[in-house]
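Chain order of the listed sequences is A and B.
One gets our numbering by counting positions in the first sequence from 1 and adding 112 to each.
One gets our numbering by counting positions in the second sequence from 1 and adding 112 to each.
Think of the CB as a built atom: it goes at the ideal place given N, C-alpha and C, for glycine as much as any other residue.
None of these values were measured; they are calculated from a predicted model.
There are 2 protein chains.
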Amino acid sequence: MFTLISSGSVTSALGFLAGAVYAGIKSEDEFDLAILCSEVPCKAAGVFTTNQIKSAPVVLSQKNIVRGRAQAIVVNSGCANACMARQGLTDARVMVNLTAAKLGISPEEILIASTGIIGTPLPMDKIRAAMPRIKPSREGGHDFCQAIMTTDTRPKELAVRVDSEGTEFTIGASAKGIGMIHPDLATLLCFIATDAVVSPDFLKAALQKAVNCSFNMVSIDGDTSPNDCVFLLANGLAANEPIDFDNGCDFQEALNTVCTHLARSMAQDGEGAAKLIEIIVEGAEDQAGARQVARTIASSPLVKAAINGNDPNWGRIVAAAGRSGAKVREDRLDVYLNNVCVMKQGCPTPFNKEDMKSSWSASDNVLIRLCLHLGDGQATSWGCDLSEEYVRINSSYTT
Amino acid sequence: MFTLISSGSVTSALGFLAGAVYAGIKSEDEFDLAILCSEVPCKAAGVFTTNQIKSAPVVLSQKNIVRGRAQAIVVNSGCANACMARQGLTDARVMVNLTAAKLGISPEEILIASTGIIGTPLPMDKIRAAMPRIKPSREGGHDFCQAIMTTDTRPKELAVRVDSEGTEFTIGASAKGIGMIHPDLATLLCFIATDAVVSPDFLKAALQKAVNCSFNMVSIDGDTSPNDCVFLLANGLAANEPIDFDNGCDFQEALNTVCTHLARSMAQDGEGAAKLIEIIVEGAEDQAGARQVARTIASSPLVKAAINGNDPNWGRIVAAAGRSGAKVREDRLDVYLNNVCVMKQGCPTPFNKEDMKSSWSASDNVLIRLCLHLGDGQATSWGCDLSEEYVRINSSYTT
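The following block contains the structure:
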């Protein structure tokens with residue numbers, strides 16, 4: 113059982129502090145350097161990009177998280193510190209060392225993340241100069257969330273309070289990312305902080321599970337960043353009954369909800385997008401098949417463009433399902449758009465196109481539901497429409 | 113050895129006739145129904161969409177082509193006759209029967225293809241009324257090519273004369289398709305007609321080979337049509353030494369050239385596109401890996417949008433290579449944009465962005481070359497930029 117905390121953030125759980133400054137990495141005067149830290153050491157889990165081109169911060173964090181512990185995370189936006197060869201790793205190490213010295217903890221206890229333009233060096237002098245100005249505090253969660261944004265138009269954060277078998281704990285989270293977003297990868301930055309006492313193995317498994325049903329089911333444009341990572345810190349200050357595989361249901365459910373909420377927010381805020389698309393696939397041969405169909409539809413530029421034009425062009429949805437790689441039988445396929453049946457057992461069903469077009473125009477989300485009638489597999493994915501604005505945003509990002 | 117025939121078309125080879133009419137399937141007064149036929153029966157080979165949702169014409173043509181013979185092809189544009197359940201197959205059969213009666217040949221000798229909107233029925237009364245007005249002739253190749261176009265802005269056709277070990281023959285071809293185009297599938301309609309004498313087994317193998325290095329290396333938007341097919345008819349009227357696996361080099365080379373030319377034309381004419389993007393990948397672990405990297409880059413919305421804005425944002429190219437699934441090592445990777453090195457062994461190489469931006473503005477194609485330094489695998493793919501116009505075209509196609 114859990115409740116949403118109003119104005120919750122990544123510092124809502126006990127003992128977490130955050131702070132952010134404008135270091136001058138971004139060209140605009142906006143927060144671009146931030147620290148999240150815990151008053152005490154935490155158990156830590158992480159999920160990272162599967163792109164073979166990994167940013168220096170991802171390489172370094174993957175190394176540091178092996179021990180399953182961390183106490184702080186340092187993040188910058190405006191520069192991805194990716195594709196910078198050895199210079200990139202050196203700069204990431206310096207950034208971690210500066211943070212360690214500032215907080216008085218060991219560099220191995222620090223995770224690092226960067227997001228922004230690929231192939232340009234971090235301005236280390238600016239980072240060095242800005243570091244002392246960061247003042248982590250209990251109220252710093254919202255600033256932290258502002259500082260990790262790049263093309264995002266809205267901060268993405270929340271916190272929930274979980275009441276699990278009589279003990280209480282909190283999960284707060286902060287995420288960014290509305291471009292280079294594609295399923296099957298941890299395609300974004302996300303920071304989750306909880307005061308729960310959790311066993312390290314369960315923490316790791318729970319995070320992977322939550323990411324699979326949330327971030328890995330979002331697609332904005334089919335592209336994958338070298339910088340993606342999701343971190344989960346658990347500092348244990350809630351002093352609850354330790355959570356493990358045998359009693360982790362409530363924790364898992366709350367974590368899934370937090371991640372799903374953030375994943376939906378990403379699709380909703382997708383670069384240039386006006387509409388959230390939710391795709392529910394039922395009756396697939398198995399869950400893997402359901403995921404494949406749902407994600408292929410969410411990634412289809414033609415489906416996305418049609419929805420941008422409020423055009424119920426369901427043929428494109430069916431074509432995307434057919435190329436997904438999962439088993440689909442046309443003669444069993446039912447398709448619903450906002451609960452109106454447009455195809456039943458492979459036959460087009462008459463519906464009022466003009467009515468649907470105008471109801472779509474008035475709404476900022478579209479629900480696509482497919483019933484494959486092949487088995488029990490079920491999955492939900494989220495995407496967004498493809499707009500002229502998306503092209504404008506992405507045709508001139510570096511120059 | 114082969115030469116391009118000026119104003120060549122699908123009827124350039126001996127004994128091929130074609131004709132087209134406006135039947136009223138399209139809303140505009142443009143050719144939308146066409147027949148290609150040979151004076152004598154042909155050996156025939158076909159490659160079809162791998163989408164599990166197959167249009168009725170694809171299902172019927174796959175059945176008819178099993179015998180490796182055909183004498184005519186009937187095609188319509190404006191309606192895909194896909195996702196129409198049993199009605200679709202009935203309509204396709206009637207269309208084939210009408211063509212058979214008109215030409216005085218058996219329905220089994222006829223292949224059929226449709227392209228256009230998915231999920232609407234063929235207007236059979238209009239097709240029945242228009243059929244007698246089609247007058248196939250030697251000069252009808254260009255009309256045929258016009259009749260298969262949908263969103264295409266230019267016809268795509270050519271013919272080559274091949275001089276192979278003293279005997280001469282001709283290969284003519286006609287193709288369409290600039291949307292729902294994605295690698296690894298026969299993603300388009302293409303009709304190839306040759307007067308060469310060719311063994312049926314070699315014909316089949318040669319077509320698959322040519323499609324693999326041409327149409328299967330094009331991506332316009334990552335979407336795949338249920339209607340795609342490539343047909344190759346060989347009527348043997350050139351009376352050359354029969355071509356088979358042992359002496360098929362010249363035929364294969366000419367066929368590859370024809371298909372590659374048409375594949376490039378599709379990317380060049382990609383919906384809303386202003387630029388052809390050619391991606392050459394060298395030094396991959398193997399050819400499969402090279403193909404994966406080349407096609408992933410060609411399909412990346414972010415790479416495509418950057419090129420639309422004349423923005424040499426090479427980080428997106430590297431990120432796409434890294435998520436392709438093929439082996440990539442950042443520290444060995446070289447990247448060239450129009451032959452200017454921008455990354456060498458994983459290190460960014462300084463280059464004049466403004467110069468590159470203005471040279472791209474003045475050109476209608478961009479060459480991307482990656483050297484992976486992992487092996488001998490090599491492949492070339494073609495794509496196009498992603499423009500606001502693409503979104504406009506596709507946000508209101510059915511309504």
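{"Item": "Could you tell me the boundaries of the alpha helix (DSSP H) in which residue 502(A) lies?", "Value": "500-506"}
{"Item": "Taking 8 angstroms as the threshold, find out whether the stretch 185-203 of chain A comes into contact with the stretch 477-488 of chain B through three or more Cβ pairs.", "Value": "no"}
{"Item": "I believe residue 496(A) touches residue 379(A) by the beta-carbon criterion, under 8 angstroms. Please report the beta-carbon distance rounded to the nearest angstrom.", "Value": "5 angstroms"}
{"Item": "Can you check which of these residues, 374(B), 282(B), 173(B) and 440(B), is closest to residue 322(B) by C-alpha distance?", "Value": "374(B)"}
{"Item": "Would a check of beta-carbon distances place residue 378(A) closer than 8 angstroms to chain B?", "Value": "no"}
{"Item": "Just mark residue 437(A) as buried or exposed, buried being the case when its beta carbon has 16 or more other beta carbons within 10 Å.", "Value": "exposed"}
{"Item": "Answer with yes or no whether the minimum CB distance from residue 318(A) to chain B is below 8 angstroms.", "Value": "no"}
{"Item": "Please look up how many angstroms separate the CB atoms of residue 286(B) and residue 256(B), rounded, as I've assumed it's under 8 angstroms.", "Value": "6 angstroms"}
{"Item": "Verify the CB distance criterion: does residue 174(B) have a CB-CB separation below 8 angstroms to chain A?", "Value": "no"}
{"Item": "Give the straight-line distance between the Cα atoms of residue 445(B) and residue 397(B), rounded to the nearest whole angstrom.", "Value": "13 angstroms"}
{"Item": "Between 215(A), 217(A), 185(A) and 216(A), which has its C-alpha nearest residue 204(A)'s C-alpha?", "Value": "185(A)"}
{"Item": "Under a three-way DSSP split, which group does residue 128(A) fall into?", "Value": "strand"}
{"Item": "Per DSSP, which one or two residues make a beta bridge with residue 455(A)?", "Value": "447(A) and 460(A)"}
{"Item": "Does the CB of residue 494(B) have a neighbour CB from chain A at under 8 angstroms?", "Value": "no"}
{"Item": "Can you find a C-beta in chain A that's less than 8 angstroms from the C-beta of residue 115(B)?", "Value": "no"}
{"Item": "Give the single residue among 213(B), 210(B) and 345(B) whose Cα lies nearest to the Cα of residue 156(B).", "Value": "345(B)"}
{"Item": "In chain B, which residues lie less than 8 angstroms from residue 504(A) when you measure between Cβ atoms?", "Value": "500"}
{"Item": "Can you tell me which of 507(B), 449(B), 399(B) and 469(B) puts its alpha carbon nearest to the alpha carbon of residue 492(B)?", "Value": "399(B)"}
{"Item": "Mind checking who residue 308(B) pairs with in its DSSP beta bridge?", "Value": "Residue 308(B) pairs with nothing; no bridge assigned."}
{"Item": "Answer yes or no: do residue 494(B) and residue 261(B) have a C-beta to C-beta separation smaller than 8 angstroms?", "Value": "no"}
{"Item": "Between residue 224(A) and residue 212(A), is the Cβ-Cβ spacing less than 8 angstroms?", "Value": "no"}
{"Item": "Hey, could you find the ends of the beta strand (DSSP E) residue 491(A) is sitting in?", "Value": "489-496"}
{"Item": "Whole beta strand (DSSP E) runs in the stretch 334-386 of chain B with 3 or more residues, listed along the chain?", "Value": "341-346"}
{"Item": "Apart from the five residues just before and just after residue 171(B), which ones in its own chain have a Cβ nearer than 8 angstroms to its Cβ?", "Value": "201 and 204"}
{"Item": "Taking 6 angstroms as the limit between beta carbons, can you name the residues of its chain near residue 146(B), skipping five residues before and five after?", "Value": "132, 187, 256 and 259"}
{"Item": "What residues in the stretch 399-410 of chain B bring their beta carbon closer than 7 angstroms to a beta carbon of chain D?", "Value": "Protein chains in the displayed structure are A and B, and chain D is not among them."}
{"Item": "Between 208(A), 358(A), 456(A) and 408(A), which lies nearest to residue 176(A) when the distance is taken from Cα to Cα?", "Value": "208(A)"}
{"Item": "Where does residue 409(B) sit, in a helix, a strand or coil, going by DSSP?", "Value": "helix"}
{"Item": "In chain B, what lies closer than 8 angstroms to residue 427(A) by C-beta?", "Value": "192, 194, 195, 229, 230, 231 and 510"}
{"Item": "Could you tell me which chain A residues have their CB closer than 7 angstroms to the CB of residue 420(B), listed as they occur along the chain?", "Value": "503 and 507"}
{"Item": "What residues from chain B crowd round residue 273(A), counting only those whose CB sits closer than 7 angstroms?", "Value": "What residue 273(A) touches in chain B: nothing, since even the nearest Cβ is about 37 angstroms away."}
{"Item": "Roughly how many angstroms lie between the CA atoms of residue 403(A) and residue 395(A), to the nearest whole one?", "Value": "11 angstroms"}
{"Item": "In the DSSP output, which residue or residues are listed as bridge partners for residue 116(A)?", "Value": "272(A)"}
{"Item": "Tell me, please, whether the stretch 241-251 of chain B touches the stretch 355-363 of chain B by the rule of three or more beta-carbon pairs shorter than 8 angstroms.", "Value": "no"}
{"Item": "Helix, strand or coil for residue 244(A)? Go by DSSP, reduced to three states.", "Value": "helix"}
{"Item": "Pull up the distance between the alpha-carbon of residue 502(A) and that of residue 376(B), whole angstroms please.", "Value": "26 angstroms"}
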